[in-house]
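*Asks:* Quick note: the sequence shown, position 265, residue 265 per full-length UniProt numbering, numbers continuous. Beta carbons are placed, not taken as given, at the ideal position from N, Cα and C, and that holds for glycine. Below is a structure I'd like to ask you about.
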Amino acid sequence: MGQYSKALSFYEKTLEIQQNTFPSNHPELATTYNNIGLVYDHMGDYSKALACYEKTTEIRQKTLPSNHPNLASSYNNIGSVYQTMGAYPKALSYLEKTLEIQQKTLPPNHPDLATTFNNIGWVCHSMGEYSKALVYLDKSLQIRQASLPSYHPHLANTYNTIGLVYNSIGDYSKALSYYEKTLDIFQKTLPIDHPSHAETYNNIGSVYQTMGDYSKALSYYEKTLGIREKILPSNHPSHAETYNNIGSVYQDMGDYSKALSFYEKTLEIREKTLPPNHPDIAITYNNIGLIYNSMGEYSKALSYYEKTLQIQQKSLPSIHPALADTYNNIGRVHSSMNDYLNTISYYKKALQIQQVVLPFNHPSLATTYNNIGRTHAAREHYSFALQYYQNALKIQENVLPSNHPSLAETYNNVGEMYRLTGDCLTAQQYYNKTLKIQEEVLPPNHPSLATTYSNIGQVYYAMKKYERALSYLEKTLKIQSISFPSNHPSLARSYYNMATILKGLHRYEDAVAHISQAVNIISNSIEPNYSQVEKYQEYLSELSAISSGEKVHKKTISEQ
Numbered sequence: 001m002g003q004y005s006k007a008l009s010f011y012e013k014t015l016e017i018q019q020n021t022f023p024s025n026h027p028e029l030a031t032t033y034n035n036i037g038l039v040y041d042h043m044g045d046y047s048k049a050l051a052c053y054e055k056t057t058e059i060r061q062k063t064l065p066s067n068h069p070n071l072a073s074s075y076n077n078i079g080s081v082y083q084t085m086g087a088y089p090k091a092l093s094y095l096e097k098t099l100e101i102q103q104k105t106l107p108p109n110h111p112d113l114a115t116t117f118n119n120i121g122w123v124c125h126s127m128g129e130y131s132k133a134l135v136y137l138d139k140s141l142q143i144r145q146a147s148l149p150s151y152h153p154h155l156a157n158t159y160n161t162i163g164l165v166y167n168s169i170g171d172y173s174k175a176l177s178y179y180e181k182t183l184d185i186f187q188k189t190l191p192i193d194h195p196s197h198a199e200t201y202n203n204i205g206s207v208y209q210t211m212g213d214y215s216k217a218l219s220y221y222e223k224t225l226g227i228r229e230k231i232l233p234s235n236h237p238s239h240a241e242t243y244n245n246i247g248s249v250y251q252d253m254g255d256y257s258k259a260l261s262f263y264e265k266t267l268e269i270r271e272k273t274l275p276p277n278h279p280d281i282a283i284t285y286n287n288i289g290l291i292y293n294s295m296g297e298y299s300k301a302l303s304y305y306e307k308t309l310q311i312q313q314k315s316l317p318s319i320h321p322a323l324a325d326t327y328n329n330i331g332r333v334h335s336s337m338n339d340y341l342n343t344i345s346y347y348k349k350a351l352q353i354q355q356v357v358l359p360f361n362h363p364s365l366a367t368t369y370n371n372i373g374r375t376h377a378a379r380e381h382y383s384f385a386l387q388y389y390q391n392a393l394k395i396q397e398n399v400l401p402s403n404h405p406s407l408a409e410t411y412n413n414v415g416e417m418y419r420l421t422g423d424c425l426t427a428q429q430y431y432n433k434t435l436k437i438q439e440e441v442l443p444p445n446h447p448s449l450a451t452t453y454s455n456i457g458q459v460y461y462a463m464k465k466y467e468r469a470l471s472y473l474e475k476t477l478k479i480q481s482i483s484f485p486s487n488h489p490s491l492a493r494s495y496y497n498m499a500t501i502l503k504g505l506h507r508y509e510d511a512v513a514h515i516s517q518a519v520n521i522i523s524n525s526i527e528p529n530y531s532q533v534e535k536y537q538e539y540l541s542e543l544s545a546i547s548s549g550e551k552v553h554k555k556t557i558s559e560q
């Protein structure tokens, strides 16, 4: 933060001298406005950055030919800020102006064209237009492959961006392949502790995290941390990013206390090094809010989301997609508190923003439809819930690959509605669609697979096919025992479900053993849910009484 302030002070003194020396449209003034804009950009003050870039552009439009390279540079900077601010159509418009100039003035294989194609690909990726993104990134790649040595860092950057797109569309093997190409170039051309190595390890870790391979994800994030700790000061913002990512893995693993510890390290660095209204601080508040929500500390969760919202409302446009994400998160807290009127209100705020700024088939819209559907489901408004789930499904089937994990999640939600309305056969069909995708794209011990096996087991239980139900719950427990800590609440829930099935099979002693496990786990979980503890203890008492009664009955029969 101190370096930015010094740079800003220097450039502002320069500007003051130039304003007293040069006419108002002198090219030197344009350069200084541009430099001040760059500083504000790095500080996260995007409205001021944009104002400076626009002054630069205004001078250059008056003094330079319409196809001058410096104008292309100005349009590119404005486009970049609009992208960061979430104004994707405006960003695309300025980047297309950049491209138009470059295509008129540069040879077809010029590196600057590759950079612009890469930037347009980024914006298309941000808009959820993944196929368009890949088209532009492929153009960037073709130029760089034709004009650069095979191990040039710019090639690595394009491979990296393509990897990000494949990660977003759920094609994890391709994402890893492109990240490994990136890493191969960096390993051959850069020192072993170069920051680019750290960034690539970080991206690979992100893929493994999404795939549910948490040990590999942590391994790569720790490689990132190892490099950054060697070469950067202890309060560098890059450390904050790594701590944040490690925290998110622990969050996914259900180890909320460790996750919170890493998020607090992230916050400590960002509050020291960034302006108080920087979007990255808002992201950190948001993540801490997620943890408190998962821990059932809803008032604390809301407090952090409100902090997130305050920053975003000051630093971002009122229709920025990040605001929609925050409204979604606040809605989830109200849902956890069974405050469904506020839940729907916040989800609809999110939806209003997304419908204005995103394409009609953007995946984020599907996420919000799913959220609204879950709220209706919680209120037992199953027909409304099904309608929103089908809206989500329509988008996802249109824009995502047929084996994308988000599709699996929505198929699961639709299946749940059919199960709850007693249509077990249709529920089973949707759960099987979920399972088919997950078995194809996820590692065999991914927690989502465990959930699906459990859901299929619940269908068989409802159909009184107890042996089939038991076999699926055993698969669930096997995965959860590997993937989760021994005191994770999901394990308790699975032991509880097993106990209900074993009761149906009249295996009362086994049922008692399983519900006892559930009580033990839920009582010793990281954040015990006491209403759940009470529920499980009551069921233990019920099953113990049945088991004791059966033993007495058997003993009486044997004595006759």
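(1) Say whether the segment 392-402 touches the segment 185-201, bearing in mind that this needs 3 or more beta-carbon pairs closer than 8 angstroms, one atom from each stretch.
(2) In chain order, what residues of the same chain have a beta carbon less than 6 angstroms from the beta carbon of residue 499, not counting five sequence neighbours either side?
(3) Among residues of its own chain, excluding the 5 on either side of residue 391, which ones have a beta-carbon nearer than 7 angstroms to its beta-carbon?
(4) Alpha carbon to alpha carbon, what distance is there between residue 240 and residue 233?
(5) Note down, in chain order, each residue of its chain lying with its Cβ closer than 6 angstroms to the Cβ of residue 301, except the 5 sequence neighbours on either side.
(6) For residue 9, I'd like the list of residues in its chain whose CB is within less than 6 angstroms of its CB, leaving aside the five on either flank, ordered along the chain.
(7) Since residue 116 and residue 76 should fall inside the 8 angstroms C-beta cutoff, what is the C-beta to C-beta distance between them, to a whole number of angstroms?
(8) Is residue 556 buried or exposed, if buried means 16 or more other CB atoms sit within 10 Å of its CB?
(9) Kindly indicate which three-state DSSP category residue 376 falls into: helix, strand or coil?
(10) Please check the pair residue 59 and residue 29, which I expect to be a contact at CB under 8 angstroms, by giving their CB distance rounded to whole angstroms.
(11) Assuming residue 121 and residue 140 are in contact, meaning their beta carbons sit under 8 angstroms apart, how far apart are those beta carbons, in whole angstroms?
(12) Please report the Cβ distance between residue 282 and residue 312, rounded to the nearest whole angstrom; I am assuming they are in contact, meaning their Cβ atoms lie under 8 angstroms.
(13) Is the distance from the Cβ of residue 125 to the Cβ of residue 114 below 8 angstroms?
(14) Please list, in chain order, all residues of the same chain as residue 385 whose beta carbon is under 6 angstroms from its beta carbon, the five residues on each side excluded.
(15) If I measure Cβ to Cβ from residue 55 and keep anything under 7 angstroms in the same chain, skipping five residues before and after, which residues do I get?
(16) Rounded to whole angstroms, what is the Cα-Cα separation between residue 243 and residue 195?
(17) Go ahead and label residue 322 buried or exposed: buried means 16 or more other beta carbons lie within 10 angstroms of its beta carbon, across all protein chains shown.
(18) Measuring CB to CB, does residue 130 end up less than 8 angstroms from residue 168?
(19) Pick helix, strand or coil for residue 297, following the three-state DSSP scheme.
(20) Which residue spans inside the UniProt repeat "TPR" (198-231) form an unbroken alpha helix (DSSP H) run of at least 4?
(21) Could you check whether the Cβ of residue 368 sits closer than 8 angstroms to any Cβ belonging to chain B?
(22) Residue 24: buried (16+ other C-beta within 10 angstroms of its C-beta) or exposed?
(23) Measuring CB to CB, does residue 446 end up less than 8 angstroms from residue 254?
(24) Taking a contact to mean a Cβ-Cβ separation below 8 angstroms, would you say residue 448 touches residue 438 in this structure?
(25) Out of curiosity, what's the CA-to-CA distance linking residue 159 and residue 205?
(26) Run through the segment 360-440 for me and flag every whole alpha helix (DSSP H) of 4 or more residues, listed as ranges in chain order.
(27) Restricting to Cα atoms, I'd like to know which of 320, 209, 149, 183 is closest to residue 172.
(28) For residue 227 and residue 219, what's the separation of their Cα atoms in angstroms?
(29) Between 245, 272, 327, which lies nearest to residue 261 when the distance is taken from Cα to Cα?
(30) Among residues of its own chain, excluding the 5 on either side of residue 225, which ones have a beta-carbon nearer than 6 angstroms to its beta-carbon?
(31) Count the other CB atoms within 10 Å of the CB of residue 360; is the residue buried (16 or more) or exposed (fewer)?
(32) Taking 8 angstroms as the cut-off, decide whether the C-beta atoms of residue 128 and residue 405 are in contact.
(33) Span of the alpha helix (DSSP H) holding residue 470?
(34) Give me the Cβ distance between residue 44 and residue 316, rounded to the nearest whole Å; I'm assuming they're in contact under 8 angstroms.
*Replies:* Short version:
(1) Cβ pair count under 8 angstroms is below three, so no.
(2) These residues qualify, in order along the chain: 511, 514, 515.
(3) Within the same chain, residue 391 has close Cβ partners 369.
(4) Straight across, the Cα-Cα distance linking residue 233 with residue 240 is about 11 angstroms.
(5) Result list for residue 301: 289, 292, 293, 333, in chain order.
(6) Hits under 6 angstroms: none found.
(7) About 7 angstroms separates the two Cβ atoms, so the contact holds.
(8) The residue in question, residue 556, is exposed, as its Cβ has fewer than 16 Cβ neighbours within 10 Å.
(9) Helix at residue 376.
(10) About 6 angstroms separates the two Cβ atoms, so the contact holds.
(11) Going by Cβ atoms, the distance from residue 121 to residue 140 rounds to 7 angstroms, so yes, they are a contact pair.
(12) Going by Cβ atoms, the distance from residue 282 to residue 312 rounds to 5 angstroms, so yes, they are a contact pair.
(13) In this structure, residue 114 does not lie closer than 8 angstroms to residue 125 by Cβ.
(14) Once the five neighbours on either side are set aside, the close Cβ partners of residue 385 are 373, 376, 377, 417.
(15) Sequence-distant Cβ neighbours of residue 55 in its own chain, meaning closer than 7 angstroms and more than five residues away, are 33.
(16) Cα to Cα, residue 243 sits roughly 16 angstroms from residue 195.
(17) It is buried - the Cβ of residue 322 has at least 16 other Cβ atoms within 10 Å.
(18) With respect to the 8 angstroms criterion, residue 130 and residue 168 are classified as neighbours on the basis of their beta carbons.
(19) Residue 297 falls in the coil class under three-state DSSP.
(20) Runs of the alpha helix (DSSP H) inside the UniProt repeat "TPR" (198-231): 214-231.
(21) Chain labels in this structure do not include chain B; a single protein chain is all it has.
(22) Its Cβ having fewer than 16 others within 10 Å, residue 24 is exposed.
(23) Against a cut-off of 8 angstroms, the Cβ pair of residue 254 and residue 446 comes out as no contact.
(24) One thing to note: residue 448 has its Cβ within 8 angstroms of the Cβ of residue 438.
(25) Their Cα atoms are separated by approximately 16 angstroms.
(26) Within the segment 360-440, the complete alpha helix (DSSP H) runs of at least 4 residues are 363-378, 382-399, 405-420.
(27) Proximity to residue 172 across 320, 209, 149, 183 peaks at 209, based on C-alpha coordinates.
(28) Cα to Cα, the separation comes out at about 13 angstroms.
(29) Nearest of 245, 272, 327 to residue 261, Cα basis: 245.
(30) Answer for residue 225: 242, listed in chain order.
(31) With a threshold of 16 other beta carbon atoms within 10 Å, residue 360 falls short and is exposed.
(32) Not closer than 8 angstroms, so no.
(33) Element bounds for residue 470: 466-483.
(34) Contact between residue 44 and residue 316 does not hold, since the beta-carbon distance rounds to 10 angstroms and is not under 8 angstroms.
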